[in-house]
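Single-structure report; data block below.
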Amino acid sequence: MNRRELLQLSAVSLAGLAAAPALARARKPRRWGVQAGTILKTLEADFEGTLRAVAAMGYKEIGTTGSFGRDPHYVRAQLDRFGLTSPNNHVAPKATYDSFQKWVRREVSTEANRAVYANSFSFDHVHATFEDGIRTSKILGQKYVMWAILLPNQIADRPTIDKHIKLFNELGDMCAREGLTFAFHNHDREFAKIGNDVILDLFLDNTDPDKVKFELDFYWATKAGADPLAYLKRYAGRTKLCHIKDITATGDFAAVGSGTLDVPALIKASDDAGIEHFLVEIDRSDDPMGAIRSSIQYLRKTIG
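Sequence positions in the sequence shown follow mature numbering (1 follows the signal peptide of the UniProt record, and there is no 0) and run -24 to -1, 1 to 280.
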């Protein structure tokens, strides 16, 4: 081997050594999460056993629904016990959570349950609701304090939308003062138009980008006929969490990897957009635990 060949070999070896740490970082397993709304019935039946099973599947994070109607200190202790962390709180005061559980058990009507939720998130009560949510999130070690559902009457017309945009900015300020971050989550109705404007765009374009963040739900965006990839690109840096679920050809919910979405492309675009937390959510399933198990198996095999 002459001197030139030796220098070339040395350069290749050094380049390989330099690339090794980057490759190691790239191969580091992701901290996949699950949004607890998927498994609320299972959590109610066996809270600790369900958390144990979720952790055993390989999940590292769980997004909460308030503190599940329980003492948040107890919930935090169980998360710690099973090696789970929680990035986000879909704010749900105890009365709201308890009403939802009654609705799940068919003890109250849909209208009655929605009325309880609407009251908690009305202009008269929402600040107190989020004060409680902030206290809960601090105990649970969460960063994002979230508005989970915009009801139809909350986005029915432009004046009402404008009032909620103003409210979101206020909640953003409230959370920021406590060292936390306000965020909100979409369904399909936010992709409707008021005049020439998409409702979701109005919220994202007229709230403080530093204090009001967004959790993009891939399924609901697709269901509404929107392009989640386009939203990830347009609101890069603004979208900090995502809900990963799949959609069948007929528009039904599906476990991740079993539907029609290009999940790898969505995950790559999410990485490029700066998303921090990836949460599996299957809104309705005959076998919720089976659905989240097959979802993480697909994600770990396909993405890492």
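For each residue, glycine too, the CB sits at the ideal point set by N, CA and C. These figures come from a predicted structure and were not determined experimentally.
What does the Cβ neighbour count give for Ser98, buried or exposed, with the cut at 16 atoms within 10 Å? exposed
Where Ile279 sits in the DSSP three-state scheme: coil
Using a 10 Å radius around the Cβ and a threshold of 16 neighbouring Cβ atoms, would you call residue 295 buried or exposed? Nothing in the structure corresponds to residue 295, since the chain is present only between -24 and 280.
Suppose you measure from the CA of Arg46 to the CA of Asn145; what does that come to, to the nearest Å? 29 angstroms
Below 8 angstroms, can you find three or more Cβ-Cβ pairs linking the region 128 to 135 to the region 71 to 84? no
Return the chain-ordered list of same chain residues with a C-beta closer than 6 angstroms to the C-beta of Gly(-9), the five sequence neighbours on each side being excluded. Low per-residue confidence applies at Gly(-9): pLDDT is 42, beneath 50, and the placement is therefore not dependable, though the value from the model is reported in the following sentence. Excluding sequence neighbours, Gly(-9) sits near nothing in its chain.
Please state whether the Cβ-Cβ distance between Leu156 and Val188 is less than 7 angstroms. no
Please confirm whether Ser261 and Val232 have their CB atoms less than 7 angstroms apart. no
Please specify which runs of the beta strand (DSSP E), each continuous and at least 3 residues long, are wholly inside the region 19 to 97, giving them in chain order. 37 to 41, 64 to 66
The region 148 to 167 touching the region 189 to 199, judged by at least three CB pairs closer than 8 angstroms: yes
Tell me whether the region 103 to 114 and the region 31 to 49 touch, counting them as touching only if at least three CB pairs, one residue from each stretch, are closer than 8 angstroms. yes
Rounded C-alpha distance that separates Met265 from Lys216: 25 angstroms
If you draw a straight line from the alpha carbon of Tyr73 to that of Tyr93, how long is it in whole angstroms? 9 angstroms
Indicate the three-state DSSP secondary structure (helix, strand or coil) for residue 340 in the structure shown. Not covered by the structure: residue 340. The range shown for the chain is -24 to 280.
Can you give the beta carbon distance from Asp222 to Gly201, rounded, assuming they're within the 8 angstroms contact cut? In fact, because the Cβ distance is near 17 angstroms, the residues do not count as touching under 8 angstroms.
Would you kindly check if the distance between the Cβ of Arg28 and the Cβ of Phe58 is under 7 angstroms? yes
Output needed for Pro185: all residues of its chain with C-beta closer than 7 angstroms, excluding positions within five of it in sequence on either side, in chain order. Arg214
Ala53 versus Thr61: straight-line alpha-carbon distance, rounded: 11 angstroms
Shorter than 7 angstroms from the beta carbon of Ser271 to some beta carbon of chain D? The chain labelled as chain D is not found in the depicted structure, where only one protein chain is given.
When we look at the beta-carbon of Ser85 and count the other beta-carbons within 10 Å, is it buried (16 or more) or exposed? exposed
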